[in-house]
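Following: one structure in structure tokens, then a few remarks.
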Amino acid sequence: MQLEEARIVQHTEVQGGYRLLVMDAPGIAPQVKPGQFVHLKVPHLGEALLRRPFSIFKAGEGRLSILYKSIGQGTNTMKYLQPGESLDLIGPLGNGFPIPAEDTLPALVAGGYGMAALYLAARTAPVRGLAFFGGRKSDDILCVDEFEALGWEVRIATDDGTRGKKGLVTAVLDEWIGQKGPAVVPEFFACGPNPMLKAVADRAAAGGWKAWVSVDRNMCCGVGACLTCVQKIRTPDGGWTWHRVCREGPVFESREVVWDE
Amino acid sequence: MNNTMTNEIDLSVNIGGIRMKTPVMVASGTFGYGPEYADLIDFNQLGAIVVKGICLEGTKGNPTPRTVEVTSGLINAIGLQNPGVEGFVRNYMPFLRQFDVPVIVNIWGKTVEEYEEVAARFDQVEGVAGLEVNVSCPNIKEGRGLFGTNPDMFRRVLSAVRTRTRLTLIPKLAPDLSHIGSFAKAAEECGADALSLINSIPAMAIDVETRRPKLGNVTGGLSGPAIRPIAVKLVWEAAKAVKIPMIGIGGIMNANDALEFMIAGASAVAIGTANFTDPGTAMKVTAGIRSYMERHSLTHIKQVVGTVKT
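In order, the protein sequence lines correspond to chains A and B.
All residue numbers for the first sequence refer to the numbering used here, where the first residue is 1 and numbers rise by one.
All residue numbers for the second sequence refer to the numbering used here, where the first residue is 1001 and numbers rise by one.
Okay, here's the thing in structure tokens:
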């Protein structure tokens, strides 16, 4: 973890309001593990004080990229950032995804830009498996060709049916689980809205498989000091304790997570 | 040449017996217990570290959401989640003792007896320089309601804590007092060595679409630049009532903000919410105070404190 002034080298719209921001960050980039994030101080944000956390989409050769959609005050301001501007980053933060276990078939499950948190896991996994992408409409299905280029089979669902199957990503996942045969032991790696993560956790629990979920929570400090982004995690005695999504997370084994919020 | 100039400037302060290299500290609740920021800044450049509030047995704190960003500020309702005295001493004191920086522990309790017990325990802990007595947290019902805003209980809890510790005692005052001067005076009479002010201001935010409060605890405490002018005024008022030094807290983002507090009468300042924006704020504030003093040909920080021309 370190503070770094990163210089923007590219800032382009990918599709449907999703933007790719590429930065020179020679300090942070070499340290990045799949599933980690950076805490970004958005310039020109005026009276909004806090940094914004973003999953690291890609990291390599001294560069970092994030993929975001303008949905709030921070991301609406970010869309005006220009190449050459500097951004104040803290990173890399969080624990990240583990390497898939031997003898399992990794299955990625992403809701919308949740795929950004999974790309590095897809690139470093020793075995290529399947990637399930869901979103509201075709614009929310991102970078399919990049995952395919890495050797992943991508299956898609959209709420309105404009790309892939009509319905939830979990329906496509269920279809695959029903067909895959007992010899295939999946291990899930998921990032997306909480209801999607819980649905993946339910499938994993039913099949006796592991699922790693990257939990999204509002954050404040990003380094574990303020105790804003806490998540209930089960303890061996049958109780629960708070874990900090920014420190002990954002990735948790789904059986540890208490899904009551 | 510049170095010679710089060396002549003395930023050191003595806050109720605690010697600090710089008057710029980090405020309780915004700096965890230390290790969280260890990779990012040099602790030896801080005036002091005030760790997050500790009670006797620890507590899980409030439900989520626990913070919400608002215009020029932040409302928090963490609920003083902490590992308790033993957990803190075991897990964090060995780490904190490595640095050449005073450690001040923020303490709280649900009864006078619990405050006393916590104070007595810390009195025996090596490496603790002082106790900041939290009688003003807006997020637990016993905090400001019972102890912080009731003059009799305020005196009772501070007198009780005083009998149980030789450590520097620093009550942290609530901002919503009708007469901050009388509370400051009462604290001084009860044996306080210094004062911290202010704590966050009771506040609330509502999501108009769902009509629900934005915090799990419904209400919280507002901090950040939004509260700074209120805090400066309260420091100025309290300064007229007491002789003990004061630590000014409330939305300090830069050196000018800190100087405002010091000119109003604070001998030191603590950086709170700004740590979340920029963990290096305290060092930048120290550097900024130094260059202000150079610009005004001042050699000791005492020449700044309480010099407001009214």
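Every residue gets a Cβ at the ideal spot worked out from N, C-alpha and C, and that includes glycine.
Counting only the same chain and skipping the five closest in sequence on each side, list residues whose C-beta sits under 6 angstroms from that of residue i.
{"i": "B:Ile1078", "result": "Gly1061 and Arg1066"}
{"i": "A:Lys232", "result": "Trp240 and Val258"}
{"i": "B:Glu1114", "result": "Leu1056"}
{"i": "A:Glu248", "result": "none"}
{"i": "A:Arg128", "result": "Gly151 and Trp152"}
{"i": "A:Phe144", "result": "The question names Phe, but residue 144 of chain A in the sequence shown is Val. Closer than 6 angstroms at Cβ, skipping near neighbours: Val154."}
{"i": "B:Val1285", "result": "Val1024, Ala1255 and Ala1258"}
{"i": "B:Pro1083", "result": "Gly1058"}
{"i": "B:Gly1250", "result": "Ile1198, Ile1227, Arg1228 and Ala1231"}
{"i": "B:Leu1011", "result": "Thr1022 and Ile1301"}
8 angstroms is my cut-off, CB to CB: does residue i come that close to chain B?
{"i": "A:Trp242", "result": "yes"}
{"i": "A:Arg51", "result": "yes"}
{"i": "A:Met345", "result": "The question about residue 345 of chain A has no answer here: the residues shown for chain A are numbered 1 through 261."}
{"i": "A:Ile90", "result": "yes"}
{"i": "A:Val213", "result": "no"}
{"i": "A:Lys33", "result": "no"}
{"i": "A:Ala48", "result": "yes"}
{"i": "A:Lys166", "result": "no"}
{"i": "A:Val230", "result": "yes"}
{"i": "A:Lys58", "result": "no"}
{"i": "A:Lys69", "result": "no"}
{"i": "A:Lys41", "result": "yes"}
Sort out for me which residues DSSP pairs residue i with in a bridge.
{"i": "A:Cys191", "result": "A:Ala110 and A:Ser214"}
{"i": "B:Gly1248", "result": "B:Leu1197 and B:Val1269"}
{"i": "A:Pro53", "result": "A:His39"}
{"i": "A:Ser138", "result": "Paired residues: none, contrary to the question."}
{"i": "A:Thr158", "result": "A:Gly135 and A:Lys166"}
{"i": "B:Pro1213", "result": "B:Ile1206"}
{"i": "A:Tyr18", "result": "A:Gln15 and A:Lys69"}
{"i": "A:Pro186", "result": "A:Leu105"}
Quick check on residue i - is its C-beta less than 8 angstroms from some C-beta in chain A?
{"i": "B:Arg1066", "result": "yes"}
{"i": "B:Gln1081", "result": "yes"}
{"i": "B:Gly1047", "result": "no"}
{"i": "B:Leu1096", "result": "no"}
{"i": "B:Thr1219", "result": "no"}
{"i": "B:Ile1078", "result": "yes"}
{"i": "B:Thr1071", "result": "yes"}
{"i": "B:Gly1061", "result": "yes"}
{"i": "B:Leu1074", "result": "yes"}
{"i": "B:Met1001", "result": "Confidence at B:Met1001 is low in this model, with a pLDDT of 44, below 50, so the placement of that residue is unreliable and no value is reported for it."}
{"i": "B:Thr1004", "result": "With a pLDDT of 48 at B:Thr1004, under the threshold of 50, the modelled position of this residue cannot be trusted, and the question is left open."}
Skipping 5 residues on each side, what residues in its chain have a beta carbon closer than 7 angstroms to that of residue i?
{"i": "B:Thr1004", "result": "Low local confidence applies: a pLDDT of 48 at B:Thr1004 is under 50, so the model's placement there is unreliable, and no value is given."}
{"i": "A:Asp24", "result": "Ala6, Arg7, Val9, Gly62 and Arg63"}
{"i": "A:Cys220", "result": "Leu50, Cys226 and Thr228"}
{"i": "A:Gly222", "result": "His39, Arg51, Pro53, Ile90, Leu93 and Cys246"}
{"i": "B:Val1026", "result": "Leu1046, Ile1049, Val1050, Ala1270, Ile1271, Asn1275 and Ala1282"}
{"i": "A:Met115", "result": "Phe133, Leu142 and Cys143"}
{"i": "B:Met1001", "result": "Summary for B:Met1001: the model assigns pLDDT 44, below 50, so the residue's position carries little reliability; its value from the coordinates is reported in the next sentence. Excluding residues within five positions, none has a Cβ falling inside 7 angstroms."}
{"i": "B:Glu1116", "result": "Ala1160, Val1161 and Arg1164"}
{"i": "B:Glu1260", "result": "Val1232"}
Quick one: does the C-beta of residue i sit closer than 7 angstroms to a heavy atom of the ligand NAD?
{"i": "B:Ile1289", "result": "Annotation note on the ligand NAD: not contained in the displayed structure, which lists no ligands."}
Kindly list the residues whose CB is nearer than 8 angstroms to the CB of residue i, restricted to its own chain and excluding five residues on each side of it in sequence; keep chain order.
{"i": "A:Glu187", "result": "Pro100, Ala101, Thr104, Leu105, Pro106, Ala107, Trp209, Lys210, Ala211 and Trp212"}
{"i": "A:Asn76", "result": "Ser70"}
{"i": "B:Pro1213", "result": "Met1204, Ala1205, Ile1206, Asp1207 and Thr1219"}
{"i": "A:Glu85", "result": "Arg7, Ile8 and Pro43"}
{"i": "B:Val1308", "result": "Trp1236, Ile1263, Ala1264 and Gly1265"}
{"i": "A:Thr12", "result": "Arg19 and Leu20"}
{"i": "B:Thr1071", "result": "Ala1226"}
Contact list for the region 1256 to 1289 of chain B against chain A, Cβ threshold 9 angstroms: Thr1273, Ala1274, Asn1275, Phe1276, Thr1277, Asp1278, Pro1279 and Gly1280
Below 9 angstroms between beta carbons is the criterion; list the residues of the region 1224 to 1241 of chain B that meet it against any residue of chain A, in chain order. Gly1224, Pro1225 and Ala1226
What are the residues of the region 1098 to 1109 of chain B that lie near chain A, defined by any Cβ-Cβ distance shorter than 7 angstroms? none
Taking only beta carbons into account, state which residues of the region 1020 to 1042 of chain B come closer than 7 angstroms to chain A, listed in chain order. Answer in chain order: Thr1030, Phe1031, Gly1032, Glu1036, Tyr1037, Asp1039 and Leu1040.
Mind pulling the alpha helix (DSSP H) runs of 4 or more residues that sit fully within the region 1125 to 1196 of chain B? 1151 to 1164 and 1180 to 1189
Taking a Cβ distance cut-off of 7 angstroms, strictly less, list which residues of the region 200 to 227 of chain A are near chain B, in chain order. Asn218, Cys220, Cys221, Val223, Gly224, Ala225, Cys226 and Leu227
Entirely enclosed beta strand (DSSP E) segments - the region 231 to 257 of chain A, minimum 3 residues: 240 to 244 and 251 to 253
If you scan the region 68 to 102 of chain A from start to end, which runs of the alpha helix (DSSP H) of 4 or more residues do you find wholly inside it? 73 to 78
Contacting positions in the region 1170 to 1186 of chain B - beta carbon closer than 9 angstroms to chain A: none
May I have a chain-ordered list of the alpha helix (DSSP H) segments no shorter than 4 residues that lie completely inside the region 1055 to 1123 of chain B? 1084 to 1096 and 1112 to 1123
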